[in-house]
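Just below is one structure, and these are the notes that go with it.
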Ligand code: 2HG
Ligand code: ZN
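In this note's numbering, the protein residues as written are 7 to 485.
Written out as structure tokens, the structure is:
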């Protein structure tokens with residue numbers, strides 16, 4: 007069957023605005039967020055309802071066409087980019103962006119999978135509640151993608167990953183069956199927790215069309231501080247101190263090296279007055295929904311103790327909203343700063359907190375031995391054991407070529423080190439198409455075997471995001 011016949015068939019199951027087959031418009035969907043790869047597709051499908059998604063899936067299965075679900079196209083790992091075969095279609099959820107219901111008493115929000123994260127945050131805020139998922143891409147990423155990649159972000163230390171916020175789900179299986187489990191229950195021990203199968207599956211097990219998310223009380227007070235670290239400051243111990251002394255009020259513990267701060271500052275319109283100490287800097291935030299707690303006083307006491315320990319040289323407590331925003335701007339602008347300087351080769355590492363210092367030492371020596379002139383931008387969610395250990399692309403280098411070169415050698419050394427310390431090559435960015443070989447290399451054989459069996463059980467005809475995350479199970483194979 008020709009492509010135009012396919013387009014015609016899909017047009018029949020969608021309404022007028024539901025299909026894009028103009029090559030110029032298609033091009034805005036086929037390149038990944040980091041512009042490392044451009045795939046090929048003959049049309050982008052934009053359903054407006056769950057029923058249309060189910061019809062699309064059934065038709066795709068009949069025609070043997072792969073479907074690549076796409077939300078805000080912000081995957082760092084090519085999870086939402088079709089391959090080059092031209093046999094895959096993008097299924098964009100962007101028209102399914104409704105807030106379905108907010109239930110302030112149950113503290114939950116029900117949304118379409120194509121709802122933009124920021125809009126969901128705002129909807130929750132409009133009833134005085136917090137959606138505790140916050141990340142740099144929040145203005146464009148969509149809830150379905152957050153679920154598909156189990157997004158983490160800037161407040162995981164307190165609230166957990168997307169997985170921990172998910173109460174209910176609606177998803178279309180590969181035969182068009184709709185899993186309609188949009189419940190708001192905290193407790194529901196009635197067999198397999200099917201919704202969790204879709205979390206982190208990057209669209210390979212079903213198309214998420216709706217979700218119910220857990221909300222939290224909106225913080226009434228925040229205390230935000232910038233800590234300048236002394237040389238050799240032990241991050242895990244410092245975190246331990248801050249966490250212990252601030253009880254359950256810690257929401258952020260973000261580490262940044264001087265190089266990352268400088269990159270962010272270059273990308274900032276009003277450069278802030280904060281900078282790094284010899285050991286880098288940490289952005290700490292405490293938050294409380296109670297207006298009766300003296301958070302600033304608590305933060306000052308915690309910081310006093312940290313100064314006494316000799317781990318920090320100096321600390322600044324934000325005295326106004328503007329100061330707080332300026333501190334956050336530095337942290338949030340680091341990826342943009344890297345991009346402006348010709349990008350970086352990204353390593354989204356996590357290791358147990360007890361091994362974080364060792365990772366920094368060993369990885370530092372590996373980089374030094376590989377290329378003494380290489381520059382690093384190291385920062386991340388140290389509260390979660392997650393480091394973005396990024397190698398900067400030299401300004402005069404070809405970005406793609408340099409990335410390939412580093413990824414074929416130094417990156418593997420760094421991942422080896424993380425693996426030896428009990429860590430992982432992808433903490434919060436997923437696997438997608440770019441990190442599949444790493445899953446093969448570092449994943450436990452039994453776990454991969456289980457993943458393949460699950461993939462085959464959910465998607466026997468291999469139409470759901472084919473080529474992403476994991477190969478289907480092959481009968482007779484040992485894995
Ligand atoms: C962040 O923490 C994101 O800002 C992006 O996860 C990390 O660009 C990166 O390496
Ligand atoms: Zn991150």
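Don't be surprised by glycine CBs; every beta carbon is placed ideally from N, CA and C.
Residues bridged to residue i [DSSP beta-bridge criterion]
{"i": "residue 37", "result": "44"}
{"i": "residue 394", "result": "354, 385"}
{"i": "residue 16", "result": "Looking at the DSSP assignment, residue 16 forms no beta bridge with any residue, so it has no partner."}
{"i": "residue 283", "result": "286"}
{"i": "residue 234", "result": "287, 320"}
{"i": "residue 373", "result": "The partner list for residue 373 (beta bridge, DSSP) is empty, contrary to what the question assumes."}
{"i": "residue 76", "result": "98"}
{"i": "residue 258", "result": "291"}
{"i": "residue 174", "result": "218"}
{"i": "residue 470", "result": "73"}
{"i": "residue 136", "result": "222"}
{"i": "residue 51", "result": "25, 97"}
{"i": "residue 335", "result": "In the DSSP output, where bridge partners are listed per residue, residue 335 has none listed."}
{"i": "residue 107", "result": "116"}
Run of the beta strand (DSSP E) containing residue i, from where it starts to where it stops
{"i": "residue 354", "result": "354-356"}
{"i": "residue 152", "result": "Not the beta strand (DSSP E): residue 152 falls in the alpha helix (DSSP H), residues 149-155."}
{"i": "residue 113", "result": "Note, residue 113: premise wrong, no beta strand (DSSP E); not H, not E."}
{"i": "residue 95", "result": "94-98"}
{"i": "residue 220", "result": "213-220"}
Boundaries (first-last residue) of the alpha helix (DSSP H) holding residue i
{"i": "residue 266", "result": "264-272"}
{"i": "residue 168", "result": "168-171"}
{"i": "residue 162", "result": "162-165"}
{"i": "residue 185", "result": "First-last for residue 185: 184-187, but that is the beta strand (DSSP E), not the alpha helix (DSSP H)."}
{"i": "residue 421", "result": "416-426"}
{"i": "residue 442", "result": "442-448"}
Cβ-based neighbour list, residue i, same chain, cut-off 8 Å, excluding 5 preceding and 5 following
{"i": "residue 469", "result": "63, 66, 67, 70, 71, 72, 73, 180"}
{"i": "residue 358", "result": "391, 427, 428, 429"}
{"i": "residue 161", "result": "138, 139, 140, 257, 258"}
{"i": "residue 252", "result": "292, 304, 305, 308"}
Cβ distance (whole Å) where residue i is taken to contact residue j below 8 Å
{"i": "residue 152", "j": "residue 169", "result": "So it is not a contact: roughly 10 Å between Cβ atoms."}
{"i": "residue 75", "j": "residue 209", "result": "4 Å"}
{"i": "residue 80", "j": "residue 215", "result": "With 8 Å as the limit, residue 80 and residue 215 do not qualify as a contact, their Cβ atoms being about 19 Å apart."}
{"i": "residue 260", "j": "residue 397", "result": "No, residue 260 and residue 397 are not in contact; Cβ-Cβ is about 20 Å, not under 8 Å."}
{"i": "residue 436", "j": "residue 206", "result": "7 Å"}
{"i": "residue 149", "j": "residue 177", "result": "Not quite, the Cβ-Cβ distance comes to about 12 Å (not below 8 Å), so this is no contact."}
{"i": "residue 83", "j": "residue 439", "result": "7 Å"}
{"i": "residue 348", "j": "residue 270", "result": "The Cβ separation is near 15 Å, so there is no contact."}
Same chain, Cβ closer than 6 Å to residue i, neighbours up to 5 away in sequence not counted
{"i": "residue 218", "result": "114, 116, 173, 174, 188, 190"}
{"i": "residue 342", "result": "273"}
{"i": "residue 288", "result": "233, 261"}
{"i": "residue 486", "result": "With the chain represented from 7 up to 485, any question about residue 486 goes unanswered, as that position is not in the structure."}
{"i": "residue 54", "result": "101"}
{"i": "residue 92", "result": "46"}
{"i": "residue 37", "result": "44"}
{"i": "residue 77", "result": "99, 148, 150, 151"}
{"i": "residue 474", "result": "85, 208, 210, 438, 439"}
Other residues of its chain near residue i: CB distance less than 7 Å, five sequence neighbours each side excluded
{"i": "residue 137", "result": "115, 126, 127, 130, 219, 221"}
{"i": "residue 265", "result": "381, 382, 383"}
{"i": "residue 139", "result": "123, 152, 157, 159, 168, 171"}
{"i": "residue 295", "result": "223, 224, 225, 226"}
{"i": "residue 202", "result": "169"}
Residue i at chain C interface by Cβ criterion, 7 Å
{"i": "residue 32", "result": "Here chain C cannot be found, since the structure has a single protein chain."}
*Of all residues in the structure, which have a C-beta closer than 5 Å to any heavy atom of ligand 1, taken in chain order?*
Output, sorted by chain position: 142, 341, 352, 394.
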